[in-house]
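Here the structure comes first, spelled out in structure tokens, and everything after it is commentary.
Residue numbers (this note's numbering): 88 to 179.
Below is the structure:
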């Protein structure tokens with residue numbers, strides 16, 4: 088279960104990062120995006136917890152990248168073993 092949760096969290100944060108950058112490049116205030124995402128239909132505690140730091144380009148390590156990469160590899164291996172494609176999680 089933890090492996091799958093970490094896979095979801097990794098994909099979620101990667102997409103959130105891209106959204107923050109796109110909002111900034113598109114002339115929108117990324118702080119407002121954090122607020123909207125935190126209050127909207129896709130709200131998750133991780134967005135409001137990590138979002139403000141990410142806007143300031145502060146990335147304190149709570150879960151090292153090497154562990155996230157390991158979990159993603161293991162999740163992809165699990166998916167392969169049960170013949171379940173993971174189209175979003177397997178993107179490079």
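Here a beta-carbon is modelled for each residue, glycine too, at the ideal position from N, C-alpha and C.
Predicted model only: the values in this text are computed from it and were never measured.
Between residue 120 and the set 129, 128 and 110, the nearest pair of CA atoms involves 110.
For residue 158, the uninterrupted alpha helix (DSSP H) segment begins and ends at 152-168. Rounded to the nearest angstrom, the Cβ distance from residue 163 to residue 173 is 6 Å, consistent with a contact under 8 Å.
With three or more CB-CB distances shorter than 8 Å, the segment 98-106 counts as touching the segment 133-151. Under the three-state reduction of DSSP output, residue 120 falls in the helix class.
If you draw a straight line from the Cα of residue 158 to the Cα of residue 137, it comes to about 20 Å. Of the residues 170, 166 and 176, the one whose Cα lies closest to the Cα of residue 155 is 176.
Residue 145 is positioned such that its CB atom lies no closer than 8 Å to that of residue 90.
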